[in-house]
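**Q** Numbering (our numbering), first residue to last: 66 to 383.
C-beta: ideal position from N, C-alpha, C; glycine also.
Starting off with a structure, shown below.
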Ligand SMILES: [Zn+2]
Ligand SMILES: [Zn+2]
């Protein structure tokens with residue numbers, strides 16, 4: 066399975082601004098030694114050695130994940146603003162301009178998970194077909210609600226792509242183009258669903274964002290531990306710091322510490338911190354990553370769990 070992150074931000078798309086770019090340049094220049102600038106190759110090497118908060122950005126687009134099976138079939142989790150850029154990339158493949166099937170999984174329909182749908186190039190090709198999968202039975206109506214003529218120049222029904230809707234009852238495994246997919250409801254305002262993808266080699270990828278795991282949920286964690294058990298990759302909602310998570314009960318999100326505890330208990334191999342708060346700049350994201358790694362070292366120094374923070378462009382092969 067191949068996984069690529071096109072949108073990692075929570076709640077609202079968050080563009081990087083001029084002063085933040087200036088700060089990155091100032092830091093990069095301040096840390097450089099004359100030897101780092103001797104040749105283009107040395108400059109490249111130096112830039113590569115810098116933390117992501119200086120050499121780049123975690124990204125500002127909202128939730129969108131691309132998943133491909135071994136046959137290169139395209140699966141998408143959520144259509145946040147990151148979907149627009151993925152559309153530009155996919156349109157470079159001939160089949161996206163001449164007719165292909167796309168499978169889109171909808172976790173829930175908060176704005177940050179659907180705003181890219183009307184900006185996805187392949188949906189304007191009549192020979193393409195999209196299969197929407199969701200554990201919400203009314204997902205078709207929900208997607209129609211977002212585009213009345215007062216809110217968008219064309220309606221969802223007018224999108225030229227052929228549309229099919231598939232209901233996924235929670236907890237039931239469905240075979241979908243070479244992958245086995247199932248869902249689990251998670252605590253979030255209006256409910257959201259986590260989706261689990263398993264391939265024929267038993268490699269497992271779980272997407273679990275917009276999910277509040279707090280001390281209440283921990284009381285009844287066993288069904289979740291079973292669901293997450295032995296996952297190769299678990300993408301988890303870590304919008305808040307540990308202290309914020311106590312102030313924001315019922316806001317529908319979790320902390321990196323909670324995610325780490327659950328991943329350790331479930332023997333997850335790789336945990337990806339996801340759904341970054343729009344108020345966090347890249348520097349804070351680096352700090353959050355270091356904090357999560359330290360927490361893991363403290364709680365389970367010998368456990369094999371790896372932790373990484375999601376950024377736009379992150380690619381994982383399992
Ligand atoms: Zn969200
Ligand atoms: Zn949400």
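Ordered along the chain, which non-local residues of its own chain (more than five positions away) have a Cβ less than 6 Å from that of residue 142?
**A** The answer, listed in chain order, is 130, 170, 272.
**Q** Give every residue of the same chain whose Cβ lies closer than 6 Å to the Cβ of residue 185, excluding the five residues on either side of it in the sequence, and list them in chain order.
**A** Once the five neighbours on either side are set aside, the close Cβ partners of residue 185 are 148, 152.
**Q** Three or more C-beta pairs under 8 Å: does that hold for the stretch 193-206 against the stretch 227-236?
**A** Short answer: they touch.
**Q** If contact is defined by three or more beta carbon pairs under 8 Å, each pair taking one atom from either stretch, is the stretch 364-372 in contact with the stretch 324-336?
**A** Judged by Cβ distances under 8 Å, the stretch 324-336 makes contact with the stretch 364-372, as three or more pairs qualify.
**Q** Following a CB-centred definition, is residue 34 positioned closer than 7 Å to any heavy atom of ligand 1?
**A** There is no way to answer for residue 34, as the model of the chain reaches only from 66 to 383.
**Q** Quick one: complete alpha helix (DSSP H) runs, 4+ long, within the stretch 216-240?
**A** List check, alpha helix (DSSP H) in window: nothing returned.
**Q** When the Cβ atoms of the stretch 253-263 are set against those of the stretch 160-176, are three or more pairs found closer than 8 Å?
**A** Judged by Cβ distances under 8 Å, the stretch 253-263 makes contact with the stretch 160-176, as three or more pairs qualify.
**Q** Where does residue 165 fall in DSSP's three states?
**A** Coil.
**Q** Rounded C-beta distance between residue 97 and residue 111? I'm assuming under 8 Å.
**A** The pair is a contact, with the Cβ atoms about 6 Å apart (cut-off 8 Å).
**Q** My assumption, with CB atoms under 8 Å, is that residue 343 sits in contact with residue 104. Please give the rounded CB distance.
**A** Their Cβ separation, rounded to whole angstroms, is 39 Å, which puts residue 343 and residue 104 out of contact at 8 Å.
**Q** Give the single residue among 109, 320, 120 whose Cα lies nearest to the Cα of residue 354.
**A** Cα-wise, what sits closest to residue 354 is 320.
**Q** Among residues of its own chain, excluding the 5 on either side of residue 245, which ones have a beta-carbon nearer than 6 Å to its beta-carbon?
**A** Counting only Cβ-Cβ distances below 6 Å, and skipping sequence neighbours, we find 238, 263.
**Q** Which two residues bound the contiguous beta strand (DSSP E) that contains residue 131?
**A** That run of the beta strand (DSSP E) goes 129-133.
**Q** Does DSSP put residue 160 in a helix, in a strand, or in coil?
**A** Correct three-state label for residue 160: helix.
**Q** Would you say the beta carbon of residue 97 is closer than 7 Å to some non-hydrogen atom of ligand 2?
**A** Not under cutoff, so the answer is no.
**Q** Can you tell me which of 139, 265, 341 puts its alpha carbon nearest to the alpha carbon of residue 377?
**A** For the residues 139, 265, 341, the minimum Cα distance to residue 377 belongs to 341.
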